[in-house]
Amino acid sequence: MLSYVIRRLLQMGLVLLGVTILLFIIMKLAPGDPARIMAGMRGTPEVIEAIRHKLGLDRPLHVQYWRFLTELLTGKLESMTFHMPVKDLILQRLPATVELGFAGFLLAIIISIPAGIISALRRNSLIDYSVTTFALVGISTPVFWTALILMIFISVQLDLLPVCGRGETLWGWSILTLDGLKHLIIPAVALSSVLMAMNTRLTRASMLEVLRQDYITTARSKGLKEWVVILRHAFRNALLPVVTNAGMQFSEVLFAGAVLTETTTAWPGVGRLMFEAIARRDQTVVFGLTFLMAFGFVLFYLIVDILYAYIDPRITYD
Amino acid sequence: MVETILSLILPGLGHLLRGEARAGWPFILAALVHLGIFLVALLRGKLAWVTGPGEYWFSSTVLYVILFLIWAGAPLDLRRRSRRRREREEYGRGYWEIVRGRFIRDKKGLTGATILLVVLYLALFAPFFSPYDPLRMDLKNFLSPPSRAHPFGTDNFGRDILSRVIYGSRVALGVGAAATIFNMILGGFLGLIAGYYRAASDAVIMRVLEIINSIPFLILALLVMSVFGSGIPQLIIVLGIFGIQPARIIRSEVLSVREEDYVMAGKALGGSDLRIILKHILPNSIASLMVVATMQIGVNIIVIAGLSFLGFGVKPPTPSWGAMLEQAFEYMRVAWWMAVFPGLAIVLTVFGFNILGDSLRDVLDPRLK
């Protein structure tokens, strides 16, 4: 197990190294001079040249890359327009995103798993048709539109919830205050909609597959109660493919979704920071954030793989 | 002979005469639908053959070509049928015939296909269907709610939203399909190489895919678009290059196909790699390629909308659903209709692709027979 984890960690490092190279290539191919952007309106040629020297832009490419890499990894990367290190900027915004992500994730799980199970058990019934249709519509709906529609009809027209922003926070968490919780509802529902739909489909398909197996028939013929058969025999085995696919698709949907939802609902997290940085052409912040997302993705993936062994004792890594 | 003449008067009549009503109805229906579009265009004075504005010209040409195909297709189909009746007894049914039979009975697939046909026709014949010019501003009439004159209301410049939604389907389908063709060619090529040759090429391609995959598709596209500028050509190229995740699926398909006996036999007969790939691997992977492509168009349409919404996709004033939503966002407090209709158009179109893809997967997979 340990050697597997170590091997995976090495692989993870390699992928992340590739990500930094990809980002560096994009950064170098980009038109426009970062020194000029940093200098702003008052930039005389001397000032630009000085910034250029300070950033090391007059050095050979491999030196520049090395500098980019070390700064990225040690958190010394300086934002081009916010006048503070990228690390601090991200740390300042991260809790809001973590909160939103968890809320969306939990909401998706709580609704999708029971929906998927019920839909599989009542196959071809009215419930099944409505759940599958709903899930199909869900994966076809862009999250930012869901957020926009909820904002328009629930906040603006009916005036039930605040329109945007994060509201009051307690110790940096808005879920602890009533006002903050009200602000959280719309972004969390919007973010979770696609996850929910995807996971419902996965759970249903996986349950249908498992329910066909012989051991389910055996369990039933032993006279076990139906819920024991469903939960202990069927669901536990059905969980495995759900976790794999979910691990991969969730982080993709979660990160991309966070940028769109946070931008729409003015939620002050890293997703919105990403949009702001892109709009301000602040390359270092954008690349730092992208790297963070890639890091989050591979980490998520590793955790899923390790979780595997706990969910399914049949799997051993060596 | 009589049948041929009849089918030249109205395609499908010949089929009816021969008692093949089920094959004839689609021809009659298609001919009537297209004649209807022709009449609408004629009455509204928007039919243009060579002269006239570019968009009218495009739609008119497409309409004439389709009408010609229907008229030419009916007698040809009649001929094919009389020939095949004899062959059927000798050969039985082929794979695609079986697939077609199954697809016709699949309600989900038919629903998806119908939705997509409607959207496709709106896109092709946008100038005939849209009540106004999508770019014409009417500043006296801005932000007016849905009414008889403007069923979907007007936007902040007084442009008719219904017309803009209809024209928006051109961007969504056009850019979505173009990007997907790129994806399939590039991804298909990489997947084939990786799956067929294995070894070093496989390792390299898979690592590159892993790197690209570790950054969410939308974020990567956003990043590149923000750096290199936005616009439709850039959109197609960026989505085309970075949406190559189909390569994974194609690779695994190739991996399973290359172990089949017929590939072995092809190799034993001295077939070159190119021949084996083109003659054996590709035709046997085509089913999963179709499913992947259908699903990918849906993904691409959503990403295009997302990018345009953030301001890095299709640039205004070109009517695109995502950019329309960006404007709707600004006028959220006063004009709900600006947000509702373009969004519904996205949902409906992507839903169509998703259920069609779902159904194709069921229909094409012989293992589930």
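Residue numbers (this note's numbering), protein chains in the order written: chain H, 1 to 318; chain Z, 319 to 687.
Glycine included, every Cβ here is placed at the ideal spot set by N, Cα and C.
Own chain partners of residue i with C-beta closer than 6 Å, once the 5 adjacent residues on each side are dropped
{"i": "Leu504/Z", "result": "Ile562"}
{"i": "Ala238/H", "result": "Ser206, Met207 and Val210"}
{"i": "Thr200/H", "result": "Ser112, Ala115, Gly116 and Ala135"}
{"i": "Gly506/Z", "result": "Ile568"}
{"i": "Gly342/Z", "result": "Gly330, His333 and Leu334"}
{"i": "Ser192/H", "result": "Gly104, Leu107 and Ala108"}
Residue i classed as buried or exposed, judged by whether at least 16 other C-beta atoms fall within 10 angstroms
{"i": "Phe418/Z", "result": "The sequence as given places Arg at residue 418/Z; Phe does not occur at that position. Label assigned to Arg418/Z: exposed."}
{"i": "Trp267/H", "result": "buried"}
{"i": "Ala518/Z", "result": "exposed"}
{"i": "Leu91/H", "result": "exposed"}
{"i": "Ser3/H", "result": "exposed"}
{"i": "Phe386/Z", "result": "exposed"}
{"i": "Ala467/Z", "result": "exposed"}
{"i": "Asp424/Z", "result": "buried"}
{"i": "Ala521/Z", "result": "exposed"}
{"i": "Met84/H", "result": "exposed"}
{"i": "Met650/Z", "result": "buried"}
{"i": "Ala147/H", "result": "buried"}
{"i": "Gly588/Z", "result": "exposed"}
According to DSSP, residues forming a beta bridge with residue i
{"i": "Pro85/H", "result": "Glu78/H"}
Proximal residues to residue i (C-beta, below 7 Å), its chain only, five neighbours per side dropped
{"i": "Leu231/H", "result": "none"}
{"i": "Ala539/Z", "result": "Val556, Leu557, Phe560, Val621 and Leu625"}
{"i": "Gly269/H", "result": "Arg93, Ala96, Thr97, Leu100, Ala258 and Glu262"}
{"i": "Leu686/Z", "result": "Below a pLDDT of 50, predicted positions are generally treated as unreliable, and Leu686/Z, at 44, falls in that range; the measurement from the model is reported next regardless. Within the same chain, Leu686/Z has close Cβ partners Asp680."}
{"i": "Pro634/Z", "result": "Ala641"}
Nearest residue (CA-CA) to residue i, options the options
{"i": "Ala188/H", "options": "Thr20/H, Glu99/H, Gly75/H and Gly223/H", "result": "Glu99/H"}
{"i": "Met608/Z", "options": "Leu674/Z, Ala583/Z, Glu648/Z and Pro635/Z", "result": "Leu674/Z"}
{"i": "Ala444/Z", "options": "Trp375/Z, Val658/Z, Thr472/Z and Leu508/Z", "result": "Trp375/Z"}
{"i": "Arg477/Z", "options": "Phe500/Z, Tyr485/Z and Asp451/Z", "result": "Asp451/Z"}
{"i": "Pro464/Z", "options": "Gln614/Z, Val668/Z, Ile529/Z and Ile479/Z", "result": "Ile479/Z"}
{"i": "Trp654/Z", "options": "Ile149/H, Arg280/H and Arg236/H", "result": "Ile149/H"}
{"i": "Phe102/H", "options": "Pro31/H, Gly13/H, Ala258/H and Lys54/H", "result": "Ala258/H"}
{"i": "Ile388/Z", "options": "Leu573/Z, Val572/Z, Leu596/Z and Pro344/Z", "result": "Pro344/Z"}
{"i": "Phe659/Z", "options": "Ile594/Z, Phe470/Z, Ile346/Z and Arg402/Z", "result": "Phe470/Z"}
{"i": "Arg281/H", "options": "Leu14/H, Ala190/H and Met27/H", "result": "Met27/H"}
{"i": "Val545/Z", "options": "Leu254/H, Thr284/H, Ala234/H and His233/H", "result": "Thr284/H"}
{"i": "Ile529/Z", "options": "Phe295/H, Leu89/H, Thr203/H and His233/H", "result": "Phe295/H"}
{"i": "Lys345/H", "options": "Ala35/H, Leu17/H, Pro241/H and Ala234/H", "result": "The question about residue 345/H has no answer here: the residues shown for chain H are numbered 1 through 318."}
{"i": "Gly616/Z", "options": "Gly547/Z, Asn501/Z, Val575/Z and Leu324/Z", "result": "Asn501/Z"}
{"i": "Val575/Z", "options": "Tyr515/Z, Arg402/Z, Val526/Z and Ser400/Z", "result": "Tyr515/Z"}
{"i": "Leu527/Z", "options": "Leu541/Z, Glu578/Z, Leu508/Z and Ser400/Z", "result": "Leu508/Z"}
{"i": "Leu184/H", "options": "Cys164/H, Met196/H and Thr203/H", "result": "Cys164/H"}
{"i": "Tyr485/Z", "options": "Ser377/Z, Asp591/Z and Leu682/Z", "result": "Ser377/Z"}
{"i": "Asn602/Z", "options": "Ser677/Z, Gly430/Z and Leu682/Z", "result": "Leu682/Z"}
{"i": "Leu160/H", "options": "Ile186/H, Lys87/H and Leu195/H", "result": "Ile186/H"}
Collapsed DSSP secondary structure at residue i in the structure displayed
{"i": "Arg472/Z", "result": "According to the sequence shown, residue 472/Z is Thr rather than Arg. Three-state result, Thr472/Z: strand."}
{"i": "Asp478/Z", "result": "strand"}
{"i": "Ser3/H", "result": "helix"}
{"i": "Asp282/H", "result": "coil"}
{"i": "Ile562/Z", "result": "coil"}
{"i": "Val383/Z", "result": "helix"}
{"i": "Val581/Z", "result": "helix"}
{"i": "Asn124/H", "result": "coil"}
{"i": "Trp227/H", "result": "helix"}
{"i": "Pro393/Z", "result": "helix"}
{"i": "Gln213/H", "result": "coil"}
{"i": "Leu686/Z", "result": "Below a pLDDT of 50, predicted positions are generally treated as unreliable, and Leu686/Z, at 44, falls in that range; no measurement from the model is reported."}
{"i": "Thr290/H", "result": "helix"}
{"i": "Thr44/H", "result": "coil"}
{"i": "Ala205/H", "result": "helix"}
{"i": "Gly506/Z", "result": "helix"}
{"i": "Glu415/Z", "result": "helix"}
{"i": "Met319/Z", "result": "coil"}
{"i": "Ala693/Z", "result": "This structure cannot speak to residue 693/Z, because chain Z is shown only from 319 to 687."}
{"i": "Lys425/Z", "result": "helix"}
{"i": "Val542/Z", "result": "helix"}
{"i": "Thr70/H", "result": "helix"}
{"i": "Gly363/Z", "result": "coil"}
Proximal residues to residue i (C-beta, below 8 Å), its chain only, five neighbours per side dropped
{"i": "Ile689/Z", "result": "Since the first and last residues shown for chain Z are 319 and 687, residue 689/Z lies out of range."}
{"i": "Leu396/Z", "result": "Glu321, Thr322, Ser325, Gly332, His333 and Arg336"}
Residue i beta carbon near the ligand FMN (any heavy atom closer than 8 Å)
{"i": "His352/Z", "result": "For the structure depicted, the ligand FMN is absent and the ligand set is empty, with no information on it obtainable."}
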